[in-house]
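Some notes on the structure that comes next.
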Amino acid sequence: DQQVKQNSPSLSVQEGRISILNCDYTNSMFDYFLWYKKYPAEGPTFLISISSIKDKNEDGRFTVFLNKSAKHLSLHIVPSQPGDSAVYFCAASARGSQGNLIFGKGTKLSVKP
Amino acid sequence: NAGVTQTPKFRILKIGQSMTLQCAQDMNHNYMYWYRQDPGMGLKLIYYSVGAGITDKGEVPNGYNVSRSTTEDFPLRLELAAPSQTSVYFCASTSGGGYNEQFFGPGTRLTVL
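These protein sequence lines map, in sequence, to chains G and X.
Each residue of the first sequence is one higher than the one before, starting from 162 at the first, in my numbering.
Each residue of the second sequence is one higher than the one before, starting from 11 at the first, in my numbering.
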């Protein structure tokens, strides 16, 4: 059973608008969440993270929101740029798991000029 | 810093053959991980290591073995390759196992025919 779910396989957004990528999780032991960005034929690169003691973390154009009661997090990209076109993975780890990450299936974001 | 490096980039194996996927990092990270990514899926943890001489199984360890004789290197061994092991393999490392992002290598694309 999937512990981290990204229910939208793809998302298309116009350049300059906001991109919102969503992620749901089922394991209440998760206490650290990360977003990774992946281009074809490359490894994932870290984008932004949030611990369970926070509900928001911001880094430039990227903001992650965490709603623990709903077991939901989202990544906002404002403004979206064509270079943001990639697959975005949500990942989570539980306390004491030695940093082992559980990944969602990813959402492919396309930002159109 | 080269970061996390993986060799080879591509490999085709016949059923029953064996091979070793190489992974090295030059960031003096204690924690290292092997993941596999199947088409349309998220990454799944195969094995991980919290330091030289210490390894443990992840979610999908069957058919694989690892060793960690140095801090820098974490090779993944495939014995008796099977078509189900056709995948892209990513190695990652981090300085701490808790609330730290993992740095990924570029991946090895393996096909078993």
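Glycine included, each C-beta is placed from N, C-alpha and C at the ideal position.
Owing to the predicted nature of the structure, the values given are computational and were not obtained by experimental measurement.
Chain X has no Cβ within less than 9 Å of the Cβ of Gly221(G). Two segments are said to touch when three or more pairs of C-beta atoms, one from each, lie closer than 8 Å; by this definition the segment 92 to 104 of chain X touches the segment 33 to 47 of chain X. Residues of chain G whose Cβ lies closer than 7 Å to the Cβ of Thr104(X) are, in chain order, Gly260. Closer than 8 Å at the C-beta level to chain G, one finds these residues of the segment 53 to 66 of chain X: Leu53, Lys54, Leu55, Tyr58, Val60, Asp66.
Unbroken beta strand (DSSP E) runs of no fewer than 3 residues, entirely contained in the segment 196 to 240 of chain G, are found at 206 to 212, 217 to 220, 223 to 228, 233 to 238, following chain order. The residue from Tyr43(X), Asn110(X), Gly73(X), Thr121(X) with its alpha-carbon nearest to that of Thr96(X) is Thr121(X). Listed by position along chain G, the residues whose Cβ is nearer than 7 Å to that of Met51(X) are Lys266. Here DSSP, grouped into helix, strand and coil, assigns Ser171(G) to strand. Here Ser79(X) carries a coil assignment [DSSP, helix/strand/coil].
For Tyr200(G), same chain residues with a beta-carbon under 7 Å away, outside a window of 5 residues either side, are Ala247 in chain order. Using a CB distance below 8 Å, the part of the segment 178 to 194 of chain G facing chain X consists of Tyr193, ordered along the chain.
Scanning Ile179(G), His233(G), Asp162(G), Gln167(G) for the CA closest to the CA of Lys215(G) turns up His233(G).
Distance from Phe114(X) to Gly244(G) at the Cβ level is roughly 19 Å; contact not present, criterion being Cβ atoms closer than 8 Å. Burial is judged here by how many other beta carbons sit within 10 angstroms of a residue's own beta carbon; Gly117(X) has at least 16 and is buried. Bridge pairing for Asp185(G): Lys166(G), His233(G) [DSSP].
At a cut-off of 9 Å between C-beta atoms, Val239(G) does not count as an interface residue with respect to chain X. Looking at the DSSP output, Arg119(X) sits in a beta bridge with Phe20(X), Val98(X). Annotation: Phe191(G) to Gln164(G) spans about 10 Å, alpha carbon to alpha carbon. For the set Lys273(G), Thr268(G), Phe250(G), the Cα lying nearest the Cα of Thr206(G) is the one of Phe250(G). Counting every other CB atom within 10 Å of its CB across the protein chains shown gives Lys273(G) a total below 16, marking it as exposed.
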